[in-house]
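Under mature numbering (1 follows the signal peptide of the UniProt record, and there is no 0), the residues of the sequence shown are numbered -22 to -1, 1 to 458, in order.
All residues carry an ideal CB built from backbone N, CA and C; glycine is no exception.
Report on one structure; see the data block that follows.
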Amino acid sequence: MKYSKYILPLAAPFLFAFTSYAQFQTIEEGPSGKVDTIYYPFQNDIQMIVINHYDAWRSKVSFMEQSRPRAMSWSNILGPTQPNVYVFRNKKGEILNVYNAAEESFLKHKFRNVDDDKLNYLSNEPKALLFYNQVDSETNQDKTKQQTTPWYLSDHNIIGGQRKKGLFSTISGEVVLEAKYDAIVLNKLYEQKAFIVINNGKFGWIDSTYKEDVAIQFELIDGDIKYSKINRSHIITKKDGLWGIIDETGNVLMDFKYTNIIDYLDYYAYSTDGSVGMFDPKTFDPIIASQKYTFIKQRVSVYPILDREEYLVRKNGKYGYVGRNNQIILPLEYDSILSRVLWAKERQWWHIVKKDDHYGVFNQNFELVIPIEFDTIYQSHKTIHVKKDEKWGFYDHNYKLISEPIFDNIYWVRGYYVLIKDGKYGLLNEHFDNALLIILPKYTTIRYLKNNYLRDKIYFNISIDGKKGVLEATKGVEKF
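Spelled out as C-alpha cells, the structure:
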C-alpha cells in the first residue's frame, strides 16, 4: 500500500485508455445489419412481402458517414446493396410473383405457411406501383449483386440497376408495364401522363393506364432531360437533329425546326440557317425576328436581364443593342461592349464601349456621357477613372468631370487617391458620401499616418520643400 500513491498515477492513463477503447469498440459495432422482412396487409386475398435490403444498407452507410467520415462517400466504399425483394402470395401460401430475387425456390419455402408468419402489418396502405428490374433467367450468376442501389422518388420505390425497368402493381403483384426501358421517371405534375420513359438516349411518356401515350422520340441533352430555367414545365430538346420546346405532357410549344435554342432566363434565343431571333417565353411570339445576329449572354449578377427591353447582340464582329421588333438602340459599330452596374447608384447601369481602340461610356438610357477618346476606363467606389496619353483623370458617378487626365500616376490609400504629377503629390477624397475633395499635387512627400486612433478623421504626414506638417484629409486642413 505504501507504493500505491506512486502506482495509481502511473496506471491511470492506461485505465483511461482501456476504458475509452472499450467504449469506442462498442460504438464502432454500429447497426446490426439485420435485413427486415415487412409483411403488408392482404388486399384482394393477395399479400406483398418486402425483404428490405436497402434500409439496412442505408443505416450502415449513415452510421459509417458519422463515425468514420471519409473523402469518398461510404456508399461508394461499401458498394451497392442488393435490391429489395418483393414477394406476392395468396392466403394459401402460394407464391404468385417474385421480383429481384436470385433464389425463388428458397422464398417459396420460406413463405409457404401463412398462419405461422408474424404479420408485422404496416399502418399505411402499400403504394399502387413499384418499379422493378428485369431478371435474367438464362444465367446462373448471382443476379442480385448486379443491381445497384435503389432510390426513392415521391410515392414510388425505384429499384435501380443496369437492366431494363418496368412497373408492377403492389396490390396484385402483376406486371403493368413490361421491363424494357433504360429509366422510368415519375412525372409529378401531370397524372394523365404519369411517367417519362427513357430508351437509347431518347424519351417519351406513359399515361396513367400504362400505355405509351407519347412515343419515345425526343433526345436527351447531355444525357439528361433539359428543363428550362425560365419555366420548369418547359423542356428544351431535339427531334431528328433539330431543336424545339415541349411541355411536360409532350405538347410541342416551339416547332422542331431550329439548329439551336438557348435559354437566356428571360427569353429563348434561336438560330436557324445562320440567323438568330428571340421568342417570348410566355406567349412564344417573336421578340426579335430572324436576323444575322449573335446574342451575347450576360451574367445576371452583373447586368440584370429580367423584363428588360434591350439585348446585346453581335453582327459581323461588331456589337450593339437591339430592342423588341428589331429596333436598333445602340448601333452595331463597337468592337466591344461591357455592361456593368454602377457601385454608387442603386440599379443604375453603364455601358463601356470600345471603338477604334478608344473607350467611352453610355448611361442606362444609352446616352453618350463620357466621350469615346480614352485608352482605359474603370470605376472605383465613388469615381470613374479615365486614362489618355498615359495621364489619369476622374469622373464622378453622375458622369461629371472632376479632373482632366493630367496625373502621371494614382494609387489608393484608405478611401483616398494619391495623385502624382511632375514629382508632386495631391489627394482626392472619395471616402465620404458628402464630398469629393481634391487637392492638386503640391506636396513633396505624402504618407498615410498609420497611428491614427480618431476613426472619423484621416491624417497624412506631408512636406513642402523640407517643411513638414500634417494634413487632416477629411477637411483638407494643413498644419505645419
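In this structure, what does DSSP give as the bridge partners for residue i?
i, result
"W183", "I174, V192"
"K457", "V448"
"W52", "W52 pairs with nothing; no bridge assigned."
"A161", "I176"
"P264", "F257"
"N229", "Bridge partners of N229: none, in fact."
"T15", "I29"
"T215", "G222"
"K332", "S314, Y337"
"E368", "None, per the DSSP bridge assignment."
"N387", "I398"
From the DSSP output, in three-state form, read off residue i for me.
i, result
"A34", "helix"
"N304", "helix"
"Q342", "coil"
"W221", "strand"
"N407", "strand"
"V39", "helix"
"I416", "strand"
"I440", "strand"
"Q357", "strand"
"Y377", "coil"
"S206", "coil"
"K88", "helix"
"S249", "strand"
"S147", "strand"
"Q44", "helix"
"R392", "coil"
"residue 478", "Lying outside -22 to 458, the shown extent of the chain, residue 478 is not represented and no answer is given."
"N22", "coil"
"N75", "strand"
"W327", "strand"
"E152", "coil"
"residue 459", "Within the shown structure, residues of the chain are numbered from -22 to 458, placing residue 459 beyond reach of any answer."
"N294", "coil"
"T422", "coil"
Just to confirm, is the Cβ distance from residue i to residue j under 7 Å?
i, j, result
"E152", "G144", "no"
"G228", "V192", "yes"
"I348", "K333", "no"
"Y437", "V448", "yes"
"E288", "Y297", "no"
"T59", "Y77", "no"
"W221", "Y242", "no"
"K369", "D353", "no"
"Y394", "L405", "yes"
"W321", "Q342", "no"
"I315", "V331", "yes"
"L308", "K293", "no"
"F234", "Y246", "no"
"P419", "L397", "yes"
"K216", "Q195", "no"
"S30", "N62", "Per the sequence shown, the amino acid found at residue 30 is Asn instead of Ser. A contact, by the Cβ cut-off of 7 Å."
Whole angstroms are fine: how far does the CA of residue j sit from the CA of residue i?
i, j, result
"P259", "I214", "12 Å"
"F146", "I27", "14 Å"
"G255", "G179", "28 Å"
"T361", "I223", "46 Å"
"I16", "S37", "16 Å"
"S40", "D14", "17 Å"
"M232", "T250", "13 Å"
"R67", "I162", "26 Å"
"Y403", "Y312", "37 Å"
"K457", "D374", "29 Å"
"D335", "K399", "26 Å"
"residue 460", "Y64", "With the chain covering only -22 through 458, there is no way to say anything about residue 460."
"K445", "Y337", "42 Å"
"F344", "H329", "8 Å"
"N304", "D386", "45 Å"
"Y356", "H363", "5 Å"
"I424", "D244", "52 Å"
"Y248", "V319", "28 Å"
"N22", "K189", "24 Å"
"residue 535", "A451", "With the chain covering only -22 through 458, there is no way to say anything about residue 535."
"Q25", "N75", "11 Å"
"K69", "P19", "11 Å"
"F372", "D200", "49 Å"
"T148", "V154", "10 Å"
Rounded to whole angstroms, how far is the Cβ of residue i from the Cβ of residue j, which I believe are closer than 8 Å?
i, j, result
"S441", "I416", "Not really, about 20 Å apart at Cβ, beyond 8 Å."
"K171", "D185", "5 Å"
"I203", "F181", "6 Å"
"E226", "N165", "6 Å"
Examine the ligand SAH and report whether any of its heavy atoms sits within less than 6 Å of the Cβ of residue i.
i, result
"V347", "Judged by which ligands are present, the structure shown has none, so any question about the ligand SAH falls away."
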